[in-house]
Amino acid sequence: MIDFRSDTVTVPSMEMREFMLDAPVGDDVFSEDPTVNELEKYAAEMFGKEAALYCSSGTQTNQIAINVHTQPGGEVICHWESHIYKYEGGGLAKNSGVSVRLLDGDRGRISIEDIRKWQNPDDVHYPITQLVSLEDTANRGGGAVYDYKEIAKIAAWCQENNLPLHLDGARLMNALVVTGQDPKLYAKSFDTISLCLSKGLGAPIGSVLIGSKDFVKHARRVRKVFGGGMRQAGMIAAGGLFALKNNVERLKMDHDHALLLEDTFNQLNWVESVMPVMTNIVVVHLKEKGKRDQIIQKYLDNGIKCMAFGEGMLRFVTHLNIQESDIQQTIEVSKKI
Ligand SMILES: *Cc1c(COP(=O)(O)O)cnc(C)c1O
């Protein structure tokens, strides 16, 4: 099977597994796991921040960040299709008791003009705006990358208004590989960053939450309360460390593969349009919306898995378990559908 449903389906390579087997471990709730400590230090330094926290998932890192940055009754500004709102089971409300101001915006990205417009005034009628959260790359936006100039404007405005700025950077490394930007410079704009190790980077489990020392100290407490304090977590954190050290540059290959798919889809008569590919996600709009499940089944019959992505839409995600030959095979199959 060639599996394009998500870059979360990647399995650890033999090299990564060997590195994991050899990793020294200890009790991480006592901060005594050398591998977790090394991963946290490595991730923090990579982004020029003071500290980081290893967590079980990207949902957990986002939910912890929201919990630390807000108070019950407050409000978070984010895109209406953002993962923190759409795909985290209502965690914003359930875990932190906050409401949301959902903004529209091009391909999952929000603008400084809209954020400015929708920060609530200091008036007892309104919930207090307490956090702005961006997503880069934006999943529902088909892997869209923010223009850094826009991020810089948003960051400057947040600073002026004493509002923390969080990044759901599940696929941040994909964005940085495309723009070629230095992670440390990029990270300056954000108070906190959540980064998934278990997507295109290829680790089996985990995300890191990166920020200041004080923030991470508080986040560590919240992680424990959320049941996320893990013991000999170095066993799995080693996969994340290996991923950050070895699997960043190769994301470019995934982007090249996605461009090849985009090219092909654009020539097919059953395709209405393709969201212009920016990273490793290809979103296809079908001419006949009702044929979506039939097309997914045809791919499946030919050994290819892709995912429904809303009405009349398919998503193909490229990743490190997809080879050039898989792309060629997918192109051949696509032409016959
Ligand atoms: C995958 C993803 C996450 C985290 O998902 P988990 O499955 O909880 O690790 C967060 N944000 C975005 C944009 C994602 O794509």
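In terms of this note's numbering, the sequence shown opens at residue 1 and continues consecutively.
C-beta atoms are modelled at their ideal positions from N, C-alpha and C, and glycine is treated no differently.
Nearest candidate by alpha-carbon position, reference N174, set S189, L251 and I304: On the sequence shown, position 174 is the one that residue 174 refers to. Answer by Cα proximity: L251.
In DSSP terms, what I151 is bridged to: Locating residue 151 in the sequence shown gives position 151, counting from the first residue. Paired residue(s): none; I151 is not in a bridge.
Distance between E113 and G229 (C-alpha atoms, nearest Å): What you label residue 229 is simply residue 229 of the sequence shown in a count that begins at 1. What you label residue 113 is simply residue 113 of the sequence shown in a count that begins at 1. So the two alpha carbons sit approximately 40 Å from each other.
C-beta atoms of S50 and N246 nearer than 9 Å: Locating residue 50 in the sequence shown gives position 50, where the first residue counts as 1. Locating residue 246 in the sequence shown gives position 246, where the first residue counts as 1. Note that residue 50 is Glu in the sequence shown here, rather than Ser. No, the Cβ-Cβ distance between E50 and N246 is not below 9 Å.
With 16 other Cβ atoms within 10 Å as the buried cut-off, status of D136: Residue numbering aside, residue 136 sits at position 136 when the sequence shown is read from its first letter. Answer is buried; the Cβ neighbour count reaches 16.
First and last residue of the uninterrupted beta strand (DSSP E) at S99: Against the sequence shown, residue 99 aligns to sequence position 99. Per DSSP, S99 belongs to the beta strand (DSSP E) from S99 to L103.
Sub-9 Å separation of A170 and S133 beta-carbons: Walking along the sequence shown from the start, residue 170 turns up at place 170. Walking along the sequence shown from the start, residue 133 turns up at place 133. Cβ atoms of A170 and S133: not closer than 9 Å.
Three-state secondary structure (DSSP) of V36: Locating residue 36 in the sequence shown gives position 36, where the first residue counts as 1. In the structure shown, V36 sits in a helix (DSSP, three-state: H, G or I).
Member of D182, G89, N161 and I84 whose CA lies at the smallest distance from the CA of A138: Position 138 of the sequence shown, counted from the start, is the residue given in the question as residue 138. The shortest Cα separation from A138 among D182, G89, N161 and I84 belongs to I84.
Closest Cα partner of H125 within the set E75, S56 and V216: As a working note, residue 125 is residue 125 in the sequence shown. Ranking E75, S56 and V216 by Cα distance to H125 puts E75 first.
Endpoints, beta strand (DSSP E) assigned at R315: For this step, residue 315 is matched to residue 315 along the sequence shown. Per DSSP, R315 belongs to the beta strand (DSSP E) from M313 to V317.
Of the residues T179, G240, L201 and L286, the one placed nearest E38, counting alpha carbons only: Taking the first residue of the sequence shown as 1, we reach residue 38 at position 38. Closest option to E38, Cα to Cα, is G240.
Contact set for M278: own chain, Cβ-Cβ below 6 Å, skip 5 residues either direction: Numbered from 1 along the sequence shown, position 278 holds the residue referred to as residue 278. Closer than 6 Å at the Cβ level, and outside the excluded window around M278, lie G143, A144 and V145.
8 Å Cβ shell around L314 - same chain, five flanking residues per side excluded: As a first step, residue 314 is located in the sequence shown; it is residue number 314 there, counting from the start. Excluding positions up to five away in sequence, the list reads V283, V284, L286, R292, I295, I296, C306, M307 and A308.
Whole-angstrom distance between L201 and V68, CA atom to CA atom: Numbered from 1 along the sequence shown, position 68 holds the residue referred to as residue 68. Numbered from 1 along the sequence shown, position 201 holds the residue referred to as residue 201. Computed Cα separation, rounded: 27 Å.
Buried or exposed (CB count within 10 angstroms, at least 16 for buried), P164: Sequence index remark: in the sequence shown, residue 164 carries index 164 (1-based). Under the 10 Å beta carbon count, P164 is surrounded by 16 or more other beta carbons and is classified as buried.
Selected residue, minimal CA-CA separation from W118, among L103, E40 and M1: Along the sequence shown, read from residue 1 onward, the residue named residue 118 stands at position 118. The shortest Cα separation from W118 among L103, E40 and M1 belongs to L103.
Among L209, I205, S198 and K199, nearest to A187 - alpha-carbon criterion: The residue you call residue 187 lines up with position 187 of the sequence shown. A187 has its Cα closest to that of L209, out of L209, I205, S198 and K199.
Neighbourhood of D7 by C-beta, 6 Å cutoff - its chain only, sequence neighbours within 5 removed: Indexing the sequence shown from 1 puts residue 7 at position 7. Excluding residues within five positions, the ones whose Cβ falls inside 6 Å are K199, G200, V317 and H319.
Any non-hydrogen atom of ligand 1 closer than 8 Å to E135 Cβ: Within the sequence shown, numbered from 1, the residue matching residue 135 stands at position 135. Yes; taking the cut-off as 8 Å, the Cβ of E135 has a heavy atom of ligand 1 nearer than that.
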